[in-house]
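The numbering used here applies: residue 68 is where the sequence shown begins, and numbers increase by one.
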Amino acid sequence: MALVGWIVVVVVAILAMPNVSQLVRNKGNITLPNYTESQKAANLQKKANGNKSVTTYTVVFDNKGAGKLSANQSKEIDNKLNELSNKKLLKVTSVMGPSDNAETKKQLIAKDKSTQLAQVTVKKNNYVGQQVQSLQDQLKISGIKTYVTGADALNDEFSTVTEKGIQKTEVIAIIFIFIVLILVFRSPIVPLISLLNVGVAFVTSLSIVMNLAEKINFPISNFTQVFLVVVLFGIGTDYNILLYNYFKGALARGLSANEAAHDAQKHGGRTILYSGISVLIGFSVLALAKFSFYRSAVGVAIGVLVLLSVLLTLNMFFMQTLGEKMFWPSKVTAGRGKSRIWYGLSRAALTYPVVILGIIAIAAVPFLINTSSTLNFNNADEVPDTYQAKKGYEVIQDHFSKGMSAPATVYIEGNSKMTTQAKLAAIDDLTNYLQKEPGVKTVTSATQPGGNKIKSMYLKNQLVSITNGLNTSTAGLEKIKSGLNSASSQLQSANISGSTAQVQALADGTNELQAGAQQLSSGITEYTNGVSSVNSGLQSANSQLPTLTSGVSTLTSSSAQLSSGMSQLQSQVNSISSQATQLMALLQSSGQDTTAAQTQVAALQSSISQLSSGSAAISSGMSQLNGQMPTLTSGMSTLASGTNTLAASSSTLTSGGQSVASGATTVNSGVQQMNTQLKQMSSQVTQLESGLTSANDGLDTIARGNTTMKTYLDGLRKSYVGDTFYLPKDTIKSSAFKPALDAYMNKDRKIAELTIVFKGDPNSETTSKQLKTIQSDMKAQLKHGALKDAKVAVGGQTSQNNDLRTLANGDFGRTALIMTVGIGIALIVVTESILQPLTIIGTLLLAYEVSLGITRIFSKMVLGINLLSWNTPFFTFIMLMALGVDYSIFLMIRFKDEPMPDLKDRMLNAATAIGPVVISAAIILSGTFAALMPSGVTTLIQVALGVIFGLIILVIILPMTLSALISLTMWHEKRMFQVKKPAKKAKDTTEDSDSASDPKTEN
């Protein structure tokens, strides 16, 4: 029935088995509690991406040691990145290429130009390997080595390495166990039965654990399966050896197969049950751990529970069915194996307990003193160098800052948009602050996308532009001032008052000219009337010659007067014309229109010239007439003809006289108007001179103000204020600033990012301490600024390692205490003692500390690994505590079963008898853990070494510490007996003596 039942169970387990590899990749990664810094940052990152989980891969383009990448190669890289498209399991959300802008060139191109990086952000899913492969296929370039790396890529490769390591471990462990069991039992059947039992337990428990993980998120890790293998195959084989030895002994005593099987189940099964329960308790209490990674070891407890069920049922079928044939071809004998090693160790401790314990303590001191708490939290070190993500990781560290392989990201979430001047200034201030933190190489943000200050965004640069403008303004003011001074000087030198007096004299002259012109017009009228009279008289001259002579004399006198008057009039007109010319030139310089006046003056001069010519002719004629009066009679006809001519031209003379009068009136009117305007202009010029003086004084005040302002701004620029960040609203909203905002803020601009690149290894303890300082300083920096109410969290590999370091170290102590207490309680129940469990716990703890110290030295000296992996101490501890307790239970149960009355003899016999079983079990368990070494995973190798060293130490010191305890207990009881004896009566003394000789003395 047992066989059929377990066959059904195995078939169901296999059929129900989920895809273990994919399940481990999906749910086996280390997860941290939501209250940790890195998880808060992860939540902000998800929120910044529209509540979608994303992951960023770093693509490495390396020229394979051939020098700088050429321009054509760089162009081909850009083209490949631009052509990157979505695939079945790859949804690209953003790509940052090395040639996108000046800032990315600084950050993503190596100094030697031989390597370029690109950041590809994709929608996160559980198919990292497929995503990486898709990126590699699309970005492959001839002549350039392309790697895709990143935290997720490295973790996926670590899962692959672990998976392959498990496969190797399973094969090696099975082969090793098979060989050891053949050597122990000298039979091929026993190894097959043993491996079959353990195999059934492993398959069943693995199916149960993985289904629980799939259905109810039972905690698992990359190491769950591998530790199921080593623990179940290790202790399962140990338990089988113990059980088969009991079965073989019962057969040797002549019991039948059924009786021998039941006897083995009764005695050996009890020991197995006690040991198994202790191991079960040890692993089960890990469910109380806070760290899910530690809780993942609870899966081993399920395996142990299934194992106990299989071994105590399925083994019974084979033992009852095969009987002695199970050990074929060897013979079943009654002899028991004895261990000379444990006999010698136990005897020495029983004889010299204090000395032996002292030697153990002294031997352990160097390892305890040399204990270092520094551990390696770099998962990349777990991956062999042959994997492409690890190669890319190493290329980055070789050609860039080591911190470039895993930058930290600061997420800042505000209640409102982060694009205000105050918040951008706070972000920039934080960027500058973080750049000064120890261990930081560069910090990039929306205000410093290239990791350096943009000078135009700071008051220092802006104030330089302003002061340069003030210098230009001052120079312009000097030129204006010079021009005003020149204009004022010209106005002052123009003698406006003198010109006004000249114009007034001209106006007075034109008044006189108008009066003279009117008199001239009247005289011309009289003259023409006289000419008419003369002409009329001449017609009758012949008859009235005397009268004519008298009239000629009168006419001669009048013509003389006329000629004299015309000379004076000509002189006055010339003088007035000269003054009018000067005046009109002055008016023209003042902007007055003198065209009409010039025309009138010219007409006046022409008329006066005609009149002067006429008067001159009259005067000349009258002179001739007067001189020729003696011959007047003979020339009377001629005179009559001349007078006729004068009479004919008199109308012209009259017209000219009238024109002169009219012109003189017009000139006088224009000159009077010009005189009035010039007086008004003189007043305005006076006001202008006063205004120019005031303007000049104002310019002096402005210039002094400019100088004062420039001095103040220069001082401000050179002070700390000059380093203040300032962007106008228009610049913040400009298209030029948009790429920086897109790169370091989410779409609604409420979450900002800062990227921190460390100088050192981002996974080192030094960088972790620097990050802690940064986190503390950053919160203090933002406490009172524009971002005081913002949520701030630091994400990235360094932050995750920092949280992991804090959580792992803190929870390790708590978990170790819980496990130790649980195992201690189990030991108290099994041994029915207090001192024995305390001694066993102390022995196990000592073995753990010493083995860890030896492992650290061995790793450094032989493997070339300076630090232990961060989870090596935990796994070494739980394995040694849970598995090492088996051997102590084996010994103490055998000690209880020994019938000898003397405690020392009982312990010596128990150690001698159980020694071969324990040593065989330790060898098998050590060999099973040694099967982890070919996996290539550093943690598994170091855990294997720690367990192996610990088992060796346990095999050596366990019989000595427990034997020393028995010896010291007996010595103490004898001493107490000797102290109490003198105080009792003789009868009581006899009774006490009988009691002291009883072999059932309690311990």
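From the three backbone atoms N, C-alpha and C, an ideal C-beta is built for every residue, glycine too. Bear in mind the structure is a predicted one, so any value in this text is a computation, not a measurement.
Determine the extent of the beta strand (DSSP E) in which residue i is found, giving its start and end residues.
i, result
"residue 1147", "The question about residue 1147 has no answer, for the chain in this structure spans 68 to 1070."
"residue 510", "507-511"
Going straight from the alpha carbon of residue i to that of residue j, what length do you get?
i, j, result
"residue 310", "residue 336", "7 Å"
"residue 458", "residue 851", "45 Å"
"residue 861", "residue 172", "25 Å"
"residue 972", "residue 375", "32 Å"
"residue 1067", "residue 892", "Note on residue 1067: pLDDT 38, under 50, position unreliable in the model; the coordinate value appears next. Approximately 24 Å between the Cα atoms of the pair."
"residue 945", "residue 907", "15 Å"
"residue 121", "residue 313", "59 Å"
"residue 329", "residue 318", "11 Å"
"residue 915", "residue 266", "29 Å"
"residue 167", "residue 105", "29 Å"
"residue 506", "residue 499", "14 Å"
"residue 80", "residue 454", "34 Å"
"residue 875", "residue 940", "10 Å"
"residue 238", "residue 420", "44 Å"
"residue 549", "residue 481", "57 Å"
"residue 383", "residue 332", "8 Å"
"residue 270", "residue 279", "14 Å"
"residue 273", "residue 912", "30 Å"
"residue 76", "residue 359", "29 Å"
Tell me the residue span of the alpha helix (DSSP H) that contains residue i.
i, result
"residue 818", "Premise fails: residue 818 lies in the beta strand (DSSP E), 818-825, not in any alpha helix (DSSP H)."
"residue 172", "169-175"
"residue 418", "407-418"
"residue 161", "That residue, residue 161, is in no alpha helix (DSSP H); its beta strand (DSSP E) goes 159-163."
"residue 184", "No alpha helix (DSSP H) contains residue 184, which is instead part of the beta strand (DSSP E) from 182-190."
"residue 995", "970-997"
"residue 311", "291-319"
"residue 266", "256-283"
"residue 909", "902-925"
"residue 370", "365-378"
"residue 196", "195-205"
"residue 500", "488-502"
"residue 387", "381-389"
"residue 91", "87-94"
Can you pull the DSSP bridge partners for residue i?
i, result
"residue 232", "According to DSSP, which records beta bridges pairwise, residue 232 is partnered with nothing at all."
"residue 863", "475"
"residue 357", "Answer by DSSP bridge pairing: none, since residue 357 is not bridged."
"residue 480", "818, 858"
"residue 812", "819"
"residue 936", "443"
"residue 212", "129"
"residue 525", "792"
By DSSP, does residue i sit in helix, in strand, or in coil?
i, result
"residue 101", "coil"
"residue 72", "helix"
"residue 460", "helix"
"residue 954", "helix"
"residue 851", "coil"
"residue 153", "coil"
"residue 468", "coil"
"residue 831", "coil"
"residue 579", "helix"
"residue 116", "coil"
"residue 519", "coil"
"residue 803", "coil"
"residue 897", "helix"
"residue 767", "helix"
"residue 878", "helix"
"residue 179", "coil"
Please indicate yes or no: does the CB of residue i lie closer than 6 Å to some heavy atom of the ligand FAD?
i, result
"residue 903", "With respect to the ligand FAD, the structure shown offers nothing to examine, as it has no ligands at all."
message: Please give me, in chain order, every unbroken run of the alpha helix (DSSP H) with length at least 4 that falls completely inside the stretch 119-150.
response: Secondary structure remark: continuous alpha helix (DSSP H) runs of at least 4 residues inside the stretch 119-150, in chain order: 138-149.
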